[in-house]
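*Asks:* Sharing a structure here in C-alpha cells format.
Numbering (the numbering used here), first residue to last: 90 to 212.
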C-alpha cells in the first residue's frame, strides 16, 4: 500500500539525479527531509493562505515514516504534493476520479501528472 510514494518517485525520478528508483521508505524520508514552507505553490490557481502553508509544513514534518507501507490518504489539496511541486520546481496535475487538482509554481521546469481513486495513486 505504498502506491503514493511509488507514484511520486516515478513521477520525479528524472528530475533530480539520485532520486531515481528509491524504495517508498527512502522517497518519503527524502521528501520529508527537504520539508519547507511552500509559499510559492498555488492550488487550482489560488495561493495558499499562511495558515494552510503552516499546516502543510507541520503535516509533512510530523508524518510518521513507519506508516509508509500502510498507505497514505492523499487529499485534494495535499501537503506532500505541494512540497513535491516546490522541491522539484514542477507543476503537478492530480486527477482524482476525473477531478483535476493543479499545483503550480512560478517558473516550472515541467508538469508531472498523477492519478488516483479511493484506493490507489499512480503516475
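Glycine included, C-beta positions come from ideal geometry on N, C-alpha and C. Just so you know, these numbers come straight off a predicted model, no measurement behind them.
#1: Going by beta carbon distance, what residues of the same chain come within less than 8 Å of residue 196, once the five residues before and after it are set aside?
#2: Kindly give me the distance between the Cβ atoms of residue 96 and residue 169, rounded to whole angstroms, as I take these residues to be in contact under 8 Å.
#3: Do residue 181 and residue 188 have their CB atoms nearer than 8 Å?
#4: Let's see if you can read the secondary structure: which residues bound the beta strand (DSSP E) around residue 191?
#5: Here's a check: name, in chain order, each residue in its chain whose Cβ is nearer than 6 Å to the Cβ of residue 184, leaving out the five neighbours to either side.
#6: Could you give the distance in angstroms between the alpha-carbon of residue 166 and the alpha-carbon of residue 146?
#7: Give every residue of the same chain whose Cβ lies closer than 7 Å to the Cβ of residue 148, excluding the five residues on either side of it in the sequence, and list them in chain order.
#8: To the nearest angstrom, how far is it from the Cα of residue 151 to the Cα of residue 201?
#9: Ordered along the chain, which non-local residues of its own chain (more than five positions away) have a Cβ less than 7 Å from that of residue 123?
*Replies:* Checking against the coordinates, here is how it stands:
#1: 178
#2: Wrong, their Cβ atoms sit about 11 Å apart, outside the cutoff.
#3: no
#4: 188–193
#5: 204
#6: 13 Å
#7: 168
#8: 25 Å
#9: 176
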